[in-house]
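Q: Each residue of the sequence shown is one higher than the one before, starting from 3 at the first, in our numbering. Here a beta-carbon is modelled for each residue, glycine too, at the ideal position from N, C-alpha and C. Here the structure is a predicted model, which means the values were calculated and not measured.
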Amino acid sequence: MMKKYFLFLIGGLCLFSCTQPRWEVLSPGKKIKICLFFNGEKQLMYNVSFEGREVIHSSPLGIALRQDSQNFIRHLIPVEKKFTVINETYTLTTGKKRKCLNHAHELALTFENKQHARATFIFRAYDDGIAFRYQLYNSRKDTVREEISSFVLDSCTEGWMEQYRSDYEVFYPHRRLDTLAMKDAFICPALFRTPSAHWLLASDAAVYGNYAAMHLRHEGKGQMRFSLPNQIQPGSPWYRGTWEEITMKEDTLVEASPCLLTPWRMLIIGNHLSTIVESVLTENLNPPCELQDTSWIKPGVACFPWWSDDLANDKPDRLKQFIDMAAIMHWQYLEFDIGLIGNRGGYAIDQWRKVAYIPEIIRYAKSKGIEVYGWDERKNLDTPEKRADIFGRYKALGVAGIKIDFLNSDKQEANQFREDALRDAARYRLLVSFHGEITPKGLRRRFPHLMTQEGVRGGEYYKFAPDGEIPDPEHNCTLPFTRNVVGPMDYTPVGFSTPRRRTTYCHELALPVIFESGWMCMADAPEEFLRSPAREYLQSLTSVWDDTRFVSGYPGQYIVLARRKGNDWYVAGINAGQQRWAMMNLNFLKKGEYRVRCYHDPSWTSVSEAGKDKVIADSITVNSIYPQYFPMATNGGFVFIVKNSY
């Protein structure tokens, strides 16, 4: 239930007794303060303090449409303010936690420009961050000319930022802001550490069909600006004829519908990495669930035949082996991938309808208690008529969901497609995965049948990327602090069989707990899972968590994370680089000592090429009272389950 308390102050300039008006909004726990003020050109500026220490310096705000009357960057006159307390709880179907608290103080400031048009700048202060957006009152359609929303950090701030690219599938290298070139562009989210040891993660949220998703552009002297999309440049010939033919036609301009309400620009802020990793600010900033009935939404662990054999979906007997394995492993789904339209016949929209074994495979899967979800691409689903046709056929076949590929766009038209596809899929009770995708914007709160999104350099890169471009341990140890913070991540983990990995076997074992996704899509072949020394653990995997706790770690170096399912805590750690002792303070466990079965590397001092594929399963004692230190091998990992500990 949401509770809102309003304070209205109306009456033009008489509202503000001082010649230089200033406004403040404190978070509910008074950790964060947003200060708002004018510069000399009557442009609205803001700064942000955390526990009394300024972490975001004086930063500009403003938006302008093409119409001169809709310019709200300078020469603003305050006319109204409204204060709102937001205090609600809600439940997520998938995510870091089931029960979420959305508690913030909101300040809405309405300004008038020189043409007497009005706009409202809306700010929220949470105990774990801030957010702002714009409400315009334009009476007719227009286009957005400029948005200068920015945040200014110390120029020597460190960052973990992914270079801007339309497929959102690159690394998050460690950088310093004072080494960046002007106009360097980076994908949201981006992680920052200030010289005062404060952590910030910048992104956008509640991005729907009325706007574009934003990226960050370096403006010099520590200033990062939320920027509209660039036009895509021609890329790999692998994708020619799929996503490029769509996205090259998309307009980079944003069409502003009447009374435009922009998405939120958000910054998670804290003095500890736990604030970043555990935050649900992205979901908090989205509208509530719009589905009346969610009982049909069933997340789960999936097997992924394409990863170990990209022709597996054309081999019915092999697919049945995956189904048999999934049943033995107590997993829930088979991802019936590109075979639905034929691996050998291009991208003919009708081809999958003629494949006789598809109904047989679906029936066989259901007989084993396994559901199937299919694959198609955006261009085959880009009209209501196409979606009605394919979604209707999927429903008639008994397919539980669809993986929609080759979106690869952050532009407004693609965002409208996401919204339309999700709404139409819900009518047919189909779960959805977006692949070839941007990073999440919190849509799963409004559309809980959105199981996962790609927007990550994941396990598929082992199949086709050069050696220097495959996921490495440093990348895996950065994702929980960056990409996976803002929503589900379809990394497709656990590739035991690839000789290309630098990770140990136990590093791979830990990934389904370290990473979060409503469809946890397991990469490897049936034989690898069935003969695994950790089969008992793999059979207990889940994709639905009741809570998440950051235990210890540092971006690009290591992470120890705990996730709760019912009364059981799953604790996992992964390491990048040389061996280390990882600190574990498990004070969230029910008080006591616990004997657990831990899967870990055979030697923590060094791991040979042969040794990286070995695993030790033995009993260790953990407790809720005092911190413990656990040895982690080079590029290694561990995982254990503390049962009945909540």
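Report the start-end ranges of each beta strand (DSSP E) in the segment 288 to 340 that is 3 residues or longer and not cut off at the edges.
A: 302 to 305, 335 to 337
Q: With distances taken from CA atoms, which of 72, 576, 181 is nearest residue 262?
A: The residue given as residue 262 occupies position 260 in the sequence shown. Of the candidates 72, 576, 181, 72 places its Cα closest to the Cα of residue 262.
Q: Following the continuous beta strand (DSSP E) through residue 227, name the residue where it begins and the one where it ends.
A: The count along the sequence shown starts at 1 and reaches residue 227 at position 225. From DSSP, the beta strand (DSSP E) with residue 227 extends over 225 to 229.
Q: Take the Cβ of residue 512 as the centre, count every other Cβ of all protein chains shown within 10 Å, and call the residue buried at 16 or more, exposed below.
A: Along the sequence shown, one-based indexing puts residue 512 at 510. Buried, by the Cβ-count rule.
Q: Using a Cβ-Cβ cut-off of 7 Å (strictly less than) and excluding sequence neighbours within five positions of residue 400, which residues of its own chain qualify?
A: Within the sequence shown, residue 400 is the residue found at index 398, counting from 1. Answer for residue 400: 364, 368, listed in chain order.
Q: Reducing DSSP to helix, strand and coil, say where residue 171 ends up.
A: Translated into positions along the sequence shown, residue 171 becomes position 169. Residue 171 falls in the coil class under three-state DSSP.
Q: Taking only the alpha-carbon atoms, compute the straight-line gap between residue 312 and residue 253 and give it to the nearest angstrom.
A: As a first step, residue 312 is located in the sequence shown; it is residue number 310 there, counting from the start. As a first step, residue 253 is located in the sequence shown; it is residue number 251 there, counting from the start. Approximately 34 Å, taken between the alpha carbons.
Q: Provide the residue span of the beta strand (DSSP E) that contains residue 597, from first to last.
A: For the purposes of this step, residue 597 is taken as residue 595 along the sequence shown, with counting starting at 1. First-last of the beta strand (DSSP E) with residue 597: 595 to 602.
Q: Please name the residue or residues paired with residue 137 in a DSSP beta bridge.
A: Here residue 137 is taken as the residue at index 135 of the sequence shown, counted from 1. Answer is 122, 263, bridged to residue 137.
Q: My output table needs one value for residue 58: the three-state DSSP class, helix, strand or coil.
A: As a working mapping, residue 58 is identified with position 56 in the sequence shown. Residue 58: strand per DSSP, three-state reduction.
Q: Quick check: what's the CA-CA separation for residue 337 versus residue 459?
A: As a working mapping, residue 337 is identified with position 335 in the sequence shown. As a working mapping, residue 459 is identified with position 457 in the sequence shown. Cα to Cα, residue 337 sits roughly 19 Å from residue 459.
Q: Is it buried or exposed, residue 480, if we count other Cβ atoms within 10 angstroms and call 16 or more buried?
A: Taking the sequence shown and counting its residues from 1, the one referred to as residue 480 is at position 478. Label assigned to residue 480: buried.
Q: Where do the N-terminal and C-terminal ends of the beta strand (DSSP E) with residue 416 fall, by residue?
A: Counted from its first residue, the sequence shown places residue 416 at position 414. Here residue 416 belongs to no beta strand (DSSP E); instead the alpha helix (DSSP H) covers 414 to 429.
Q: Let me make sure I understand the geometry here. Which of 471, 416, 430, 43 has the alpha-carbon closest to that of residue 392?
A: Taking the first residue of the sequence shown as 1, we reach residue 392 at position 390. Nearest to residue 392 by C-alpha distance, out of 471, 416, 430, 43, is 430.
Q: Using CA coordinates, which residue listed in 100, 362, 126, 647 is at the minimum distance from residue 595?
A: Here residue 595 is taken as the residue at index 593 of the sequence shown, counted from 1. Among 100, 362, 126, 647, the Cα nearest to that of residue 595 is on 647.
Q: By the three-class DSSP mapping on this structure, what secondary structure does residue 587 have?
A: Stepping through the sequence shown from its first residue, residue 587 is reached at position 585. Residue 587: coil per DSSP, three-state reduction.
Q: Give a yes or no on contact between the segment 198 to 207 and the segment 279 to 296, applying the rule of three or more CB pairs nearer than 8 Å.
A: yes
Q: Going by DSSP, what residue range makes up the beta strand (DSSP E) through residue 206?
A: Against the sequence shown, residue 206 aligns to sequence position 204. Where residue 206 is concerned, the enclosing beta strand (DSSP E) stretches over 201 to 207.
Q: Need the endpoints of the beta strand (DSSP E) that residue 110 sits in, please.
A: Here residue 110 refers to the residue found at position 108 when the sequence shown is read from its first residue. Counting along the chain, the beta strand (DSSP E) containing residue 110 begins and ends at 101 to 114.
Q: Relative to the C-alpha of residue 493, which candidate in 170, 211, 580 has its C-alpha closest?
A: Translated into the one-based positions of the sequence shown, residue 493 becomes position 491. Comparing Cα-Cα distances from residue 493 to each of 170, 211, 580, the minimum goes to 170.
Q: Counting C-beta neighbours from all protein chains within 10 Å, is the total for residue 550 16 or more, i.e. buried, or is it exposed?
A: Numbered from 1 along the sequence shown, position 548 holds the residue referred to as residue 550. So residue 550 ends up on the buried side.
Q: Check whether the Cβ atoms of residue 118 and residue 166 lie closer than 7 Å to each other.
A: In the sequence shown, residue 118 corresponds to position 116, counting from 1. In the sequence shown, residue 166 corresponds to position 164, counting from 1. Cβ atoms of residue 118 and residue 166: not closer than 7 Å.
Q: Out of 485, 434, 423, 475, which one is the CA nearest neighbour of residue 441?
A: Numbered from 1 along the sequence shown, position 439 holds the residue referred to as residue 441. For residue 441, the nearest C-alpha among the options comes from 485.
Q: Excluding five sequence neighbours on each side, which residues of the same chain lie with their C-beta closer than 7 Å to the C-beta of residue 147?
A: Translated into the one-based positions of the sequence shown, residue 147 becomes position 145. Answer for residue 147: 66, 67, 68, listed in chain order.
Q: In chain order, what residues of the same chain lie with their CB nearer than 8 Å to the CB of residue 183, ignoring the 5 residues before and after it?
A: Counting from 1 along the sequence shown, the entry for residue 183 is found at position 181. Cβ neighbours of residue 183 beyond the five flanking positions: 220.
Q: Could you check whether residue 409 and residue 434 sit closer than 7 Å to each other, using their CB atoms as the reference points?
A: Counted from its first residue, the sequence shown places residue 434 at position 432. Counted from its first residue, the sequence shown places residue 409 at position 407. Against a cut-off of 7 Å, the Cβ pair of residue 409 and residue 434 comes out as no contact.
Q: Give the straight-line distance between the Cα atoms of residue 49 and residue 483, rounded to the nearest whole angstrom.
A: As a first step, residue 49 is located in the sequence shown; it is residue number 47 there, counting from the start. As a first step, residue 483 is located in the sequence shown; it is residue number 481 there, counting from the start. So the alpha carbons of these two residues sit roughly 24 Å apart.
Q: Can you give the Cα-Cα distance for residue 357 and residue 316, rounded to whole angstroms?
A: Residue numbering aside, residue 357 sits at position 355 when the sequence shown is read from its first letter. Residue numbering aside, residue 316 sits at position 314 when the sequence shown is read from its first letter. Cα to Cα, the separation comes out at about 9 Å.
Q: Check residue 625 in the structure and name its three-state DSSP category.
A: The residue given as residue 625 occupies position 623 in the sequence shown. DSSP places residue 625 in strand when its eight states are reduced to three.
Q: Terminal residues of the continuous alpha helix (DSSP H) containing residue 386?
A: For the purposes of this step, residue 386 is taken as the residue at position 384 of the sequence shown. Note, residue 386: alpha helix (DSSP H), 386 to 399.
Q: Look up residue 435 in the DSSP assignment and give the residues it is bridged to.
A: Here residue 435 refers to the residue found at position 433 of the sequence shown. BP columns for residue 435 point to 405, 454.
Q: Is it buried or exposed for residue 556, if we count other Cβ within 10 angstroms and need 16 for buried?
A: Translated into the one-based positions of the sequence shown, residue 556 becomes position 554. Result: exposed.
Q: Using CA coordinates, which residue listed in 569, 570, 559, 597 is at the minimum distance from residue 584?
A: In the sequence shown, counting from the first residue as 1, residue 584 sits at position 582. Selection 569, 570, 559, 597 evaluated against residue 584 yields 559 as nearest (Cα-Cα).
Q: At which residues does the alpha helix (DSSP H) containing residue 286 begin and terminate?
A: What you label residue 286 is simply residue 284 of the sequence shown in a count that begins at 1. 283 to 286 is the span of the alpha helix (DSSP H), which, as asked, contains residue 286.
Q: How many angstroms separate the CA atom of residue 298 from the CA atom of residue 33?
A: If you number the sequence shown from 1, residue 298 lands on position 296. If you number the sequence shown from 1, residue 33 lands on position 31. Whole-angstrom Cα-Cα distance: 40 Å.
Q: Check the DSSP bridge columns for residue 522 and list the partner residues they point to.
A: Within the sequence shown, numbered from 1, the residue matching residue 522 stands at position 520. BP columns for residue 522 point to 303.
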